[in-house]
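Structure, as structure tokens:
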């Protein structure tokens, strides 16, 4: 009897739970999109321009926007964004230790497009992020980045109506 109980407990612990696996497993498209998002960040930190630029659509309508306590910075169009990154890599060419964790991915796919949200912690700084991607010639490419740092932090001195 004891052997039966031990085997039953082992079976329960070692058997995958399909309902849990289905909820956490990404589709092939979602996994491909996540890889582009993750790689773009890795290549940026590595200061690898050649690999980094392959993650982006090279179009005049791409947008990169970051909002922090100090304000909002935005680049519109591939030429402006690419030039800014090239300049940064030239001024600060040393690769940085990869200190980024992304979590809570949510995907919305529509045709050849994808809207993705996630949380990120990079170098101790938390942000809520959005990516819009398009599948171009069979490969997912980033069209838009939005990163909002300290998104749910109350602003000192703001009245309730301003928040």
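Numbering (my numbering), first residue to last: 19 to 181.
The beta carbon of each residue, even a glycine, is placed where N, CA and C say it ideally should be.
- No residue range can be given for residue 65, since it is assigned to no beta strand (DSSP E) and is classified by DSSP as neither H nor E.
- Taking the C-beta atoms as reference points, residue 132 is found nearer than 7 Å to residue 51.
- For residue 145, the enclosing beta strand (DSSP E) starts and ends at 143-154.
- For residue 106, there is no enclosing beta strand (DSSP E); the residue is part of the alpha helix (DSSP H) that begins and ends at 96-109.
- When rounded, the separation of the alpha-carbon atoms in residue 159 and residue 171 is 31 Å.
- Secondary structure note for residue 120: its beta strand (DSSP E) is the uninterrupted segment 118-128.
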